[in-house]
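All remarks here apply to the structure that follows.
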Amino acid sequence: MSQNFIVMKPFAHQIDCFCPDSIHAELLTINKQDIIKMTNECKFVDNNGWYSLIIINDESSFYIANEDLDMYVKQEKIISVLDIELKINYLKFSINQSLDKHDKVSFLKFTKELNDLRVFNTILNTM
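All residue numbers for the sequence shown refer to the UniProt record's numbering, where the first residue is 1 and numbers rise by one.
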């Protein structure tokens with residue numbers, strides 16, 4: 001089963017090259033709102049670990065180390081569909097709490113975050 005992610009913050013990723021001279025190593029810029037599809041295709045590289053094939057915006061594909069993907073998720077550079085849904089539910093709850101407490105600052109903050117996440121969610125749902 002493949003999994004989709006959306007880029008929350010732009011970043012550069014060093015594509016690993018396993019040639020002896022590493023002449024194919026390339027730095028790829030991944031932009032905000034790019035869609036990353038993680039496929040089921042994986043391979044194990046001795047001394048480097050597991051790699052998964054990903055496709056960016058249905059245009060380019062390459063293998064990425066699974067630990068790099070985990071790092072990007074932890075750094076909140078990319079987010080999965082499920083994580084977006086969970087954050088949306090939490091933000092709705094937080095908005096209701098701020099309304100109950102008459103806390104305008106929190107209300108405005110959570111509303112902005114919710115609106116931003118809904119944009120990402122809309123983009124992911126159209127893929």
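No residue lacks a Cβ here, since even glycine has one placed at the ideal position from N, Cα and C.
Note that the coordinates shown come from a computational prediction; the quantities given were computed from them, not determined experimentally.
Determine which residues share a DSSP beta bridge with residue i and list them.
| i | result |
| --- | --- |
| Leu124 | Leu124 is not bridged to any residue. |
| Val105 | Val105 is not bridged to any residue. |
| Tyr63 | Leu53 |
| Met71 | None, per the DSSP bridge assignment. |
| residue 188 | Since the first residue shown for the chain is 1 and the last is 127, residue 188 is missing from the structure and cannot be characterised. |
| Lys43 | Tyr51 |
Give me the residue from the options with the minimum Cα distance to residue i.
| i | options | result |
| --- | --- | --- |
| Val26 | Cys17, Lys32 and Asp34 | At residue 26 the sequence reads Glu, which differs from the Val that was named. Here the closest residue by C-alpha is Cys17. |
| Leu69 | Gly49, Gln97, Asp100 and Arg118 | Gly49 |
| Ser60 | Cys42, Asn66, Ile15 and Lys43 | Ile15 |
What residue does the alpha helix (DSSP H) around residue i start on, and which one ends it?
| i | result |
| --- | --- |
| Asn48 | Where Asn48 is concerned, there is no enclosing alpha helix (DSSP H), given that its DSSP letter is neither H nor E. |
What three-state label does DSSP hand residue i in the structure shown?
| i | result |
| --- | --- |
| Asn4 | strand |
| Lys92 | helix |
| Glu113 | helix |
| Lys37 | strand |
| Asp58 | coil |
How far does the beta strand (DSSP E) with residue i in it reach, from first residue to last?
| i | result |
| --- | --- |
| Gln14 | Phe11 to Ile15 |
| Glu26 | Glu26 to Ile30 |
Suppose the cutoff is 8 Å on Cβ atoms and the five residues either side in sequence are ignored; what does the same chain contact list for residue i look like?
| i | result |
| --- | --- |
| Met1 | Residue placement at Met1 is flagged as unreliable, the pLDDT there being 49, under the threshold of 50; a coordinate-derived value is accordingly withheld. |
Excluding sequence positions up to five away, which residues of its chain have a Cβ less than 6 Å from the Cβ of residue i?
| i | result |
| --- | --- |
| Phe5 | Ile36, Ile78 and Ser80 |
| Thr29 | Ala12 |
| Leu114 | Leu91 |
| Lys43 | Tyr51 |
| Tyr72 | Ile78 |
| Ser106 | Ser98 |
Spatial neighbours of residue i within its chain, please: CB distance less than 7 Å, with the 5 preceding and 5 following residues excluded, ordered by chain position.
| i | result |
| --- | --- |
| Gln3 | Met38 and Ser80 |
| Lys87 | Leu117 |
| Lys109 | none |
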